[in-house]
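To convert, count from 1 in the sequence shown and add 1488; that's the numbering used here.
What follows is a single structure, written as structure tokens, with notes after it.
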Amino acid sequence: MTPNIHFENREIEGERLELTDKKAIYWLGPSVTLRCCTLVTNISARWLHLVSGSLVDCTIQAKSELKTLPWATMKLKGCRFKGRFGGNDFGFRTDGDEMRKLGGIEDCDFSEARLNGCRFFNCDMSTIRLPLWPCFSFMDPLGHAAELVRREWPGQFGIVVEGLAKNPAGTVAESWHAPTVAEKMDTTVEGLRAALEGAPWVVM
């Protein structure tokens, strides 16, 4: 039987939580607060359920790539992210169920993280420290998609740019990892960088 490990209805401070048992299902919340903790993951996102709660001044370290994890139900403040994150969404959402309106993100540091296909919602990006090259981020992708799509892009990367306009309401930034996306989009890191350096509203 698969064990369920629950962190709920309490505050945890100054502890190291290792979510590394690949035979377990982990639940953060409801109503959990982690303060000044280190949260280490080495599991698939499908074994990690973010119900509701807050992470304050925590370090989140992904030992293996954490893919397609929605953080909309969690409030993240003053946290540092390390490791690889693919297809993660940060910040609360106004579309979908009410639980996705509970979270948020501010004052967080992703400078030591690798983000690929990650999005930020309904937050002040001036408080978010993004990873720099070889990662890059489109700022306000919904507002600038029409102008960006008119530019010349190498290989099939134009498909990624066309997708910016299809983001849900509230998307304020979208981040990618150049070597990963270049390989998938039939281009080179050098060609991608040259195109991005001339583009507005790109952080790299």
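From the three backbone atoms N, C-alpha and C, an ideal C-beta is built for every residue, glycine too.
This structure is a prediction, so every number in the text was calculated from the model and none was measured.
Using a threshold of 8 Å, state whether the C-beta atoms of Arg1463 and Glu1499 are closer than that.
No information on residue 1463 is available, as it lies outside the stretch 1489 to 1692 that the chain covers here.
Can you list, in chain order, the residues of its chain whose CB lies under 7 Å from that of Trp1641, leaving out five sequence neighbours each side?
Counting from 1 along the sequence shown, the entry for residue 1641 is found at position 153. Cβ neighbours of Trp1641 beyond the five flanking positions: Val1649, Ala1683.
Please list the terminal residues of the continuous beta strand (DSSP E) segment that includes Ile1593.
As a first step, residue 1593 is located in the sequence shown; it is residue number 105 there, counting from the start. In the DSSP assignment, Ile1593 falls within the unbroken beta strand (DSSP E) covering 1592-1594.
With 16 other Cβ atoms within 10 Å as the buried cut-off, status of Ser1552
Position 64 of the sequence shown, counted from the start, is the residue given in the question as residue 1552. Result: exposed.
Pull up the distance between the alpha-carbon of Phe1626 and that of Ser1614, whole angstroms please.
For the purposes of this step, residue 1626 is taken as residue 138 along the sequence shown, with counting starting at 1. For the purposes of this step, residue 1614 is taken as residue 126 along the sequence shown, with counting starting at 1. Approximately 14 Å between the Cα atoms of the pair.
Do Arg1602 and His1665 come within 8 Å of each other at the CB atom, strictly closer than that value?
Counting from 1 along the sequence shown, the entry for residue 1665 is found at position 177. Counting from 1 along the sequence shown, the entry for residue 1602 is found at position 114. A Cβ-Cβ contact shorter than 8 Å links His1665 with Arg1602.
Between Thr1547 and the rest of its own chain, which residues show a CB-CB distance below 6 Å, the 5 nearest in sequence each way excluded?
Residue mapping note: residue 1547 aligns to position 59 of the sequence shown, counting from 1. Excluding its 5 nearest sequence neighbours in each direction, Thr1547 has C-beta neighbours in its own chain below 6 Å: Thr1526, Arg1568, listed in chain order.
Pull up the distance between the alpha-carbon of Val1691 and that of Asp1585, whole angstroms please.
Position 203 of the sequence shown, counted from the start, is the residue given in the question as residue 1691. Position 97 of the sequence shown, counted from the start, is the residue given in the question as residue 1585. Those two C-alpha atoms are separated by around 31 Å.
Compare the C-alpha of Met1587 against each of Arg1617, Val1669, Gly1517 and name the closest.
As a first step, residue 1587 must be located in the sequence shown, where it is residue number 99. Cα-wise, what sits closest to Met1587 is Gly1517.
Looking at Asn1576 and the ligand SAM, is the gap between the Cβ and the nearest heavy atom below 7 Å?
This structure does not include the ligand SAM; it has no bound ligands of any sort.
Compute the beta-carbon to beta-carbon distance between Thr1521 and Ser1542, rounded to the nearest angstrom, for a pair I have assumed lies under 8 Å.
Counting from one through the sequence shown, the residue named residue 1521 turns up at place 33. Counting from one through the sequence shown, the residue named residue 1542 turns up at place 54. About 5 Å separates the beta carbons of Thr1521 and Ser1542, which is inside the 8 Å limit, making them a contact pair.
What is the rounded straight-line gap between the Cα of Leu1505 and the Cα of Cys1606?
Numbered from its first residue, the sequence shown carries residue 1505 at position 17. Numbered from its first residue, the sequence shown carries residue 1606 at position 118. CA-CA distance, Leu1505 to Cys1606, rounds to 24 Å.
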